[in-house]
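> Heads up: the sequence shown begins at 52 in the numbering used here, then just goes up one per residue.
Positions of the beta carbon are idealized from the N, C-alpha and C atoms, including for glycine.
No experiment lies behind these values; they were computed from the predicted model shown.
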Amino acid sequence: SLYASRHTTKATYYRLFLPYFFEDIDKILYLDGDCILLNDISSLYTFDLENNYIAGSRDVNLSSIDFLKKHSPFDLYFSDYNSFYDYFKFYLGFNEYKMQNYINAGVVLMNLDKMRKENWHDKMQEALSRIFLYHDQDIINYYCQDSICYIENIWNMPNILLKESWEGNIQIKNIHSYSTGLGKPWLNINTIGAKLYWQILRDTPYYEDMFLKFLDKNITQIKNKEAVEIVYKK
């Protein structure tokens, strides 16, 4: 009965039950599979959670009141809401302060010990009986809303911030993610950050296999000279 839509599968909900998958671990650093690590992340693991459930960085888009008011839910189930703002306000019950502190769940430090002690399992069973627009990310923000501490966006820098870094406004530092819906570089080499992804992949044992899969699915894209340089030229 788990709700999945668009590019999201039921597997995304697994992170909600990490306290019970790893019962002998008190704390865990979770990263989405579409993250690139650019530096040592050990200092993030040792970040002081201050007895909160979770630590994460504010979502670039979904913590912006302006963005929430200008854009509408893309899912037919939530078509009654004229904007993301209305969804956050009336469905999640968030005031503007909580909207502005909504975190992206792609990079989170989780206090598994606290979750187990405070009956997290029952809370998640309750959560899965409802439908949330942003799936487990909404669930995390809803059930952790009074127990979140915040980390800088250098630990979870999405495509949109990578574009700004190219323009000289933000320095790429620790973790880059492709989780903002602007396209995955292994599917679309014209997406922001594709060159970074393919440059790093080039130095791994997986490059040839990924390159051949890309060619098989996206042969028309390589007609673009720049695209060929991004994917193939070392």
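State the Cα-Cα distance for the pair Phe265 and Trp171, rounded to the nearest angstrom.
Whole-angstrom Cα-Cα distance: 40 Å.
> Give the secondary structure of Ser93 by DSSP, where H, G and I count as helix, E and B as strand, and everything else as coil.
The answer is helix: DSSP assigns Ser93 an H, G or I state.
> Contact defined as beta carbons within less than 8 Å: I believe Ile76 pairs with Leu160. What is the distance between those atoms, to the nearest angstrom?
The Cβ separation is near 12 Å, so there is no contact.
> Classify Asp254 as buried or exposed, calling it buried when 16 or more other Cβ atoms lie within 10 Å of its own Cβ.
By the 10 Å Cβ count, Asp254 comes out exposed.
> Can you give me the Cβ contacts of Gln188 inside the same chain, cut-off strictly under 6 Å, excluding the 5 residues immediately before and after it?
Excluding positions up to five away in sequence, the list reads Ala156.
> Spell out the partners DSSP gives Arg109 in its beta bridges.
Per DSSP, Ile154.
> I'd like to confirm the pairing. Which residues does DSSP put opposite Ile79 in its beta bridges?
Paired residues: Met161.
> Looking at the strands, I want to know which residues DSSP matches up with His227.
Ile87 and Met208, per the DSSP bridge assignment.
> For the alpha helix (DSSP H) that Ile191 lies in, which residues bound it at each end?
Start and end: His186 to Tyr194.
> DSSP state of Ile251, grouped into three classes?
In the structure shown, Ile251 sits in a helix (DSSP, three-state: H, G or I).
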